[in-house]
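Enquirer: First, the structure itself, so that you have it in front of you.
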Amino acid sequence: TARPYQKPYPKVWQAAMSDPAVERVGREGEILYVGPAQSNESIRHQIDLYHRTLEANGHDKPEDMVIVREFYCAPTREEALARAQANFATKYEVYAQHGLHGTDGELTRKVTGDLETLMDDTFLVGGPEECIEQIAAYHQMGFTDVAIRLFYPEMSQSEVLEHIDLVGKEVIPALHTL
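Be aware that the sequence shown starts at 970, since it is given in this note's numbering, and climbs by one per residue.
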């Protein structure tokens, strides 16, 4: 059982998908947890904003910085793109139906717009080597953790297990060298 108060307290990952949310995380000196749909350009801007806000509020940079990404790996990029398109579509249609909270216009357009655009600059999709390279790029941006989604609403159990097996054998071992 966790004690009611601990010092230091457990790490807190605060999700942020808009500039005001990133500033809030920086003011509080917590760990930035970047959401799944920002472009790499937007992420670089938000990392800079986060670091400036931390500094302005007298906080050191936390040891961790986390990002979550939609992810689909298959033996080839073509197969991964085809499967990802089918599996991501349902999820992002639901996001569009519910709208999006926040003020980041780019994010709102992406989540409610063209899924193909997201696959080029936002989602991690491809063969094993390509997925490793994409995750390594986030590591180079300063992320210590990249959370990936391995299954989606339209996937069968056998497809989920096949996907987990491929990622476990081909992708995860290579990440230990980053």
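Beta carbons are placed, not taken as given, at the ideal position from N, Cα and C, and that holds for glycine.
Quick caveat, the model's predicted, so the values are computed rather than measured.
Decide if the stretch 1025-1034 is in contact with the stretch 982-1002; the criterion is three or more beta carbon pairs, one per stretch, under 8 Å apart.
Expert: yes
Enquirer: Find the nearest neighbour of residue 1044 within the set 1090, 1097, 1008, 1004, judged by alpha-carbon distance.
Expert: For the purposes of this step, residue 1044 is taken as residue 75 along the sequence shown, with counting starting at 1. Cα-wise, what sits closest to residue 1044 is 1097.
Enquirer: Between residue 988 and the ligand HEM, is the CB less than 7 Å from at least one heavy atom?
Expert: No copy of the ligand HEM occurs in the structure displayed, which carries no ligand at all.
Enquirer: Taking DSSP as the reference, what is the three-state secondary structure of residue 981?
Expert: Here residue 981 refers to the residue found at position 12 when the sequence shown is read from its first residue. Three-state DSSP puts residue 981 in coil, outside helix and strand.
Enquirer: Just to confirm, is the Cβ distance from residue 1115 to residue 1104 under 8 Å?
Expert: Numbered from 1 along the sequence shown, position 146 holds the residue referred to as residue 1115. Numbered from 1 along the sequence shown, position 135 holds the residue referred to as residue 1104. Yes, Cβ-Cβ distance for residue 1115 and residue 1104 is below 8 Å.
Enquirer: May I have the straight-line CA-CA distance separating residue 1099 from residue 978, to the nearest angstrom?
Expert: What you label residue 1099 is simply residue 130 of the sequence shown in a count that begins at 1. What you label residue 978 is simply residue 9 of the sequence shown in a count that begins at 1. Between residue 1099 and residue 978, the C-alpha separation is close to 37 Å.
Enquirer: Let me confirm a value: residue 1005 is counted as buried when at least 16 other C-beta atoms fall within 10 Å, else exposed. Which label applies?
Expert: Position 36 of the sequence shown, counting from 1, holds the residue named residue 1005. The residue is buried, with at least 16 neighbouring Cβ atoms inside 10 Å.
Enquirer: Who are the Cβ neighbours of residue 1009 in its own chain at under 7 Å, not counting the five residues just before and after it?
Expert: As a working note, residue 1009 is residue 40 in the sequence shown. Same-chain partners within the cutoff: 1090.
Enquirer: Distance, Cα to Cα, residue 1137 vs residue 1123?
Expert: For this step, residue 1137 is matched to residue 168 along the sequence shown. For this step, residue 1123 is matched to residue 154 along the sequence shown. In a straight line, the C-alpha of residue 1137 is about 21 Å away from that of residue 1123.
Enquirer: Rounding to the nearest angstrom, what Cα-Cα distance links residue 1121 and residue 1139 in this structure?
Expert: Taking the first residue of the sequence shown as 1, we reach residue 1121 at position 152. Taking the first residue of the sequence shown as 1, we reach residue 1139 at position 170. Cα-Cα distance, rounded: 20 Å.
Enquirer: Pull the bridge partners of residue 1042 from the DSSP assignment, please.
Expert: Along the sequence shown, read from residue 1 onward, the residue named residue 1042 stands at position 73. Per DSSP, 1095.
Enquirer: DSSP on residue 1147, reduced to helix/strand/coil?
Expert: As a position in the sequence shown, residue 1147 is number 178, starting the count at 1. For residue 1147, the three-state secondary structure derived from DSSP is coil.
Enquirer: I'd like to know whether the C-beta atoms of residue 999 and residue 983 end up nearer to each other than 8 Å.
Expert: Locating residue 999 in the sequence shown gives position 30, counting from the first residue. Locating residue 983 in the sequence shown gives position 14, counting from the first residue. Yes, the Cβ-Cβ distance between residue 999 and residue 983 is below 8 Å.
Enquirer: From what residue to what residue does the beta strand (DSSP E) around residue 1001 run?
Expert: Mapped onto the sequence shown, residue 1001 falls at position 32. 1000-1003 is the extent of the beta strand (DSSP E) around residue 1001.
Enquirer: Counting only runs that start and end within the stretch 1045-1069, where is the beta strand (DSSP E) found for 3 or more residues in a row?
Expert: none
Enquirer: Quick one: grab the DSSP three-state call for residue 1033.
Expert: One-based indexing of the sequence shown puts residue 1033 at position 64. Residue 1033: coil per DSSP, three-state reduction.
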